[in-house]
Each structure stands twice: as C-alpha cells, then as structure tokens.
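I have placed the structure first, in the form of structure tokens, so that the comments after it can refer back to it.
2 protein chains.
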Amino acid sequence: MQQPKKTGFQDVRDEVMRRIETRVWDQGALLPTEAELATEFGCARATVNRALRELADRGVIDRKRKSGTRVTALPVKQAKLEIATARRLVEERNATYRYALVSRRMQAAPGWLGSQMGLTPGTEVLHLEAMHYGDGQPFHFEDRWINIAAVPGCAEADFALKPPGEWLLAEVPFSNADVSFTATAADAALADYLACAPGAALFQMERSTWFQDAPVTFARMTFHPGYRMRSRY
Amino acid sequence: MQQPKKTGFQDVRDEVMRRIETRVWDQGALLPTEAELATEFGCARATVNRALRELADRGVIDRKRKSGTRVTALPVKQAKLEIATARRLVEERNATYRYALVSRRMQAAPGWLGSQMGLTPGTEVLHLEAMHYGDGQPFHFEDRWINIAAVPGCAEADFALKPPGEWLLAEVPFSNADVSFTATAADAALADYLACAPGAALFQMERSTWFQDAPVTFARMTFHPGYRMRSRY
DNA sequence: AAGTGGTCTAGACCACCTG
DNA sequence: AGGTGGTCTAGACCACTTT
Chain A
1 MQQPKKTGFQ DVRDEVMRRI ETRVWDQGAL LPTEAELATE FGCARATVNR ALRELADRGV
61 IDRKRKSGTR VTALPVKQAK LEIATARRLV EERNATYRYA LVSRRMQAAP GWLGSQMGLT
121 PGTEVLHLEA MHYGDGQPFH FEDRWINIAA VPGCAEADFA LKPPGEWLLA EVPFSNADVS
181 FTATAADAAL ADYLACAPGA ALFQMERSTW FQDAPVTFAR MTFHPGYRMR SRY
Chain B
1 MQQPKKTGFQ DVRDEVMRRI ETRVWDQGAL LPTEAELATE FGCARATVNR ALRELADRGV
61 IDRKRKSGTR VTALPVKQAK LEIATARRLV EERNATYRYA LVSRRMQAAP GWLGSQMGLT
121 PGTEVLHLEA MHYGDGQPFH FEDRWINIAA VPGCAEADFA LKPPGEWLLA EVPFSNADVS
181 FTATAADAAL ADYLACAPGA ALFQMERSTW FQDAPVTFAR MTFHPGYRMR SRY
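Right, here's the structure in full:
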C-alpha cells in the first residue's frame, strides 16, 4: 500500500524525458531495451512501448529494430502552426470580424496558376478578391482561385456574405495543402486595400490545396503591416 | 484463406479516414463505438482504439467518453514547420554554406529584451551579430542574445567558426520556444548586410527559447529578399 | 446508473536490422 | 542467427460524462 498510483505510460514518458533533459542519458546514448525499462518501472512492455513511441513522434529519440533506442543527436525542432480562418484570427484578438467581397469572375487559368496548382492552363477557374477586417481596420486581402471542376458548387455559391475560405472548409473539409510564407512590398492596389504606404513590407501566405490529388484552390493572403504569425514548440 | 493479410491498425485508420473523406460519415456525425468497429473489422478493440487515437491527434475526429466519437465539424488545420539551422536550409538548396561573426559583446539586457525573454532588465547577456551565406549570397542576418546565467559556457565559447544556433542546439538540445514571423522593411544596416535596397520587404523570424522555465536565448533572423518558408499539411 | 473511451496486462508472433 | 522494436489479442478495470 505504499504506492498510491500505478505506473502509467505518461509516468514512463515523463521520467524518460526527464532523464534525457538532465543528461542521465546524453545525446546519442543508447537507452535500455523496452523489456528492461518495463522491469524497472514495474509495468508491461506495451506501456513502455507507448511511452517511447510518443517520444519518438516528438523527435526526442530514434528507434531502430535490433539497434535499440537512442537519444536523438541533433533534434530537428518542429513548430505546429494553426492555419485558422480570418474570422478566427480576428476574434481571437477580441475584435469584430467583417468580410467584404471585392470582385468575382470566371476566367481561364493563367499560366502561373496552372503551374502553382498543377492545373492545365486555360481550365476555367473562379477568381475572387476579398477583404477581411478586424474592428474596421484592414486585416488581410485575399486573392483566391478555385478550380470549378473540383468544386462544382462554387459556381452557384454566394460569396457576398460567406468568405470563400469558410465555404471551402465546409465543402472540402479534409484536404492537403502546400503553404508558404514570404514578405512582399505593397503595390498600389494592396496599399489602397490595406491602408498603407506603397512599398510597405507586408507578410504574405500562399496556400495550394488538393483533395485526393485533384487541385482545389490557390489562395494568397496579404496581411496588414505589422502582422505577426505566432507559434510555439 | 481468403485474406492474405491481417487487419492492422493502419488498415482501420485508413478505412475510417476514407469513409470520412467520402462522407459516408459526414461532418459532426457519430461513429460506431470502438467495440462495434472491432467486430466489423475483425480485430481487437485495442487496435481500433489506436487507429482512432491517431485520427483524433490529427484533429479529424473528436472523442468523448460516453458521448462517443464524432467527425470534427470544422477541423483546424495544422502545418508542421521544421525550424532548421541556416546550414541545413542552405545545404538543402544545394548551395555552399558560409558563416561569419559580425560582432560579439557582453552587455546589460535592454528593457525590450527583458520583456521578450522574461529576463530581469540589466542582467548580463551575450549579444552576437552574425551573417549566414549560401553560395556567397547573403542568406540571413542573425541578431542573437544569450542569457549567460542559463548557459555559462557561452562566455568562453568561440563563435567565430560555429554559429550560435548550432552551438546552443548541442548545449541545450531539448528546449521550448515561442516563434513568430513577420515582414519588416530593411533599415540601412540590414540593407548593407543583405545587399538589398533600404526599405526592401524582408521576411523575419523571431524566437525566444526556454529550458525548464529559464530563459535561454532570443534570436531575430532576417532573411534575404524573396525568401520563402515552406510547409505542408 | 450506465455507456463509452482510456489504459493496462501478459503473452505472442512478426519484421527488420545488424553481426 | 539472434536481438530489438512493432503490433496484435483477449480480457480487465478505470474515468469520465451524460441521463
């Protein structure tokens, strides 16, 4: 009756992590086998396995059959970025969100879009421009292209009230995407939309989205001056 | 003898994912219980549990005791960003990496740094400036501050050859960090270092690092014009 | 009170890798 | 050839949440 709790996989995981952080097991060092750790912690091997599997997912340890488990020598740090809708980003800042459609037209896909999305140039696409505001201040400008063949419903969809990002999220909820971030200088149009000086440095996110290998949409979001995207790891 | 393979947790995971993608189970819909799925797939409940746990980690489904498992209504997409060293980023581009220390001095922490890192202003810190090159072209400028108390060895470390990021990665391998990304206009000094026009739009990453709740370092990396950070989800 | 997911166990077999 | 992690099983008990 001395131990109030049983050893769970989280206990094993945290203790192993502690030993790595405090260099009981240094970088590159070989850990005991699962069976040995199970004996030490007084639990089943499956419990140790789950604990170590989580640490391996985090990149803290490397596991190989026969070789055993080692502390990762030079861990590659990974940050998780939440790709949220403009509405969410604005409301997280306790501001009032507003959306406005700027333009909407069907057109043939230009060449650069074809290579971006892996689309045959000349394919009919829906091109939207829109603005997103927080408390009346420009938040970001959206330049959106949608592959009509992949999402036929978009031809009839009304984007006057609902942002295309939110519409697509409901229509094609589980898609894959390439995303890239860069800095760009405001041209005349962006300066106008975002109420900044031409040439101002703006943070920009571009995203190409696929669903089951079919290109769905390409979006370029250009944020107001001073915008910061944050994350943690 | 009809089935060549056994049903593994990956089979279950993929089949459930397929049913969600094809809207067999629509957004918000309730899935069968683990026990029911185990019967259907002809495997143990633990196998189903692991499959569903992975999908829950991805944010595809929401699980609650008693309520059961539901398809996430509005999934929050997450991108994984690899925070790599400059050397890695450059060599990934098949370019030759070069590093140069620009300045190095001990000083009292300025106020803005104190609030950034959660450090008492006036604490002695090591301030480094350095450049990283790819094939001789400016890659990024590094403005680095290290809390000497947290990493005593840095006072004697030679940063003439080894970049502080790599040195710290070996010294404090398992740290936590806040990271933020923004766009900034080149000032005179940055324009000089990065060989661009003053006012050019530059991509910038800032990172504050802790180890076991103690502030370790703050780094501001300013990249050459046109730099793109990429990811995928 | 009852239903559902969360976790653990003890044992087993397999797949992969290294010597 | 043998050691190590990867996975599955069948059963059990627990924890949380809703009714």
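Here the protein sequences come in this chain order: A and B.
First residue of the first sequence: 1, per the UniProt record's numbering; consecutive thereafter.
First residue of the second sequence: 1, per the UniProt record's numbering; consecutive thereafter.
The beta carbon of each residue, even a glycine, is placed where N, CA and C say it ideally should be.
As the structure is a computational prediction, the values presented were derived from the model and not from experiment.
Taking residue i as the query, report the chain B residues whose CB atoms sit under 7 Å from its CB, ordered along the chain.
i, result
"PRO152/A", "Those within 7 Å of PRO152/A in chain B number zero; the least Cβ separation is about 15 Å."
What do you get for residue i, buried or exposed, if any count of 16 or more other CB atoms within 10 angstroms of its CB means buried?
i, result
"GLU34/B", "buried"
"MET221/B", "buried"
"LEU113/A", "buried"
"ALA160/A", "exposed"
"LYS77/A", "buried"
"ASN147/B", "buried"
"residue 243/A", "The displayed coordinates of chain A run from 1 to 233. Any statement about residue 243/A would go beyond what the structure contains."
"MET205/A", "buried"
"SER175/B", "buried"
"SER208/A", "buried"
"GLY165/A", "buried"
"VAL151/A", "buried"
"ARG23/B", "exposed"
Do residue j and residue i have their beta-carbon atoms positioned less than 7 Å apart in this structure?
i, j, result
"residue 234/A", "ILE61/A", "Outside the displayed span of chain A (1 to 233) sits residue 234/A, for which this structure offers no information."
"LEU81/B", "SER180/B", "no"
"ALA201/A", "ALA214/A", "no"
"MET117/B", "PHE218/B", "yes"
"GLY68/B", "LEU128/B", "no"
"GLN27/B", "PRO110/A", "no"
"ARG18/B", "ALA51/B", "no"
"ALA79/A", "TYR233/A", "yes"
"CYS196/B", "ALA188/B", "no"
"TYR193/A", "PHE141/A", "yes"
"MET106/A", "LEU126/A", "yes"
"ASP57/B", "ALA95/B", "no"
"VAL102/A", "PHE139/A", "no"
"PHE211/A", "TYR227/A", "no"
"GLY122/A", "ALA108/A", "yes"
"TRP167/B", "ALA157/B", "yes"
Under the three-state reduction of DSSP, which class applies to residue i: helix, strand or coil?
i, result
"TYR233/B", "coil"
"ILE20/A", "helix"
"VAL172/B", "coil"
"LEU74/B", "coil"
"ASP57/B", "helix"
"GLU129/A", "strand"
"TYR227/B", "coil"
"residue 245/A", "Only positions 1 to 233 of chain A appear in this structure, which leaves residue 245/A out of reach."
"GLU142/B", "strand"
"TRP210/B", "strand"
"PHE9/A", "helix"
"PHE203/A", "strand"
"GLN27/A", "coil"
"ALA191/B", "helix"
"ALA46/A", "helix"
"GLY118/A", "coil"
"ARG63/A", "strand"
"THR69/B", "strand"
What does residue i reach in chain A if we use C-beta pairs closer than 8 Å?
i, result
"PHE159/B", "Those do not exist, as PHE159/B stays about 18 Å from chain A at its closest Cβ, beyond 8 Å."
"TYR233/B", "ILE83, ASN176, ALA177, VAL179"
"TYR227/B", "THR182, ALA183"
What in chain B is Cβ-close to residue i, meaning under 9 Å?
i, result
"ARG230/A", "ASP178, VAL179, SER180, PHE181"
"TYR97/A", "Here the premise fails: no neighbours, minimum Cβ distance about 15 Å."
So with CB distances below 8 Å, who are the chain B contacts of residue i?
i, result
"ALA219/A", "Per Cβ cutoff of 8 Å: no residues; ALA219/A is ~12 Å from chain B at best."
"VAL60/A", "PHE174"
I want to verify the contact list: residues of chain A whose CB lies under 7 Å from the CB of residue i, in sequence order.
i, result
"ALA201/B", "ALA183, THR184, ALA185, ALA201, LEU202"
Checklist entry - Any residues in the segment 169 to 191 of chain A with a beta carbon nearer than 9 Å to a beta carbon of chain B? Which ones, in chain order? => result Per Cβ criterion, the list reads LEU169, ALA170, PRO173, PHE174, SER175, ASN176, ALA177, ASP178, VAL179, SER180, PHE181, THR182, ALA183, THR184, ALA185, ALA186.
Next on the checklist: At a CB distance below 7 Å, what residues from the segment 62 to 84 of chain A approach chain B? Give them in sequence order.
Outcome noted: LEU74, PRO75, VAL76, LYS77, GLN78, ALA79, LYS80, LEU81, GLU82, ILE83, ALA84
Checklist entry - In the segment 8 to 28 of chain B, which residues sit with their C-beta less than 7 Å from some C-beta in chain A, listed in chain order? => result Flagged, chain order: ILE20, GLU21, GLN27.
Next on the checklist: At a CB distance below 7 Å, what residues from the segment 27 to 58 of chain A approach chain B? Give them in sequence order.
Outcome noted: GLN27
Item to check | Members of the segment 112 to 139 of chain A near chain B, C-beta cut-off 8 Å | outcome: none
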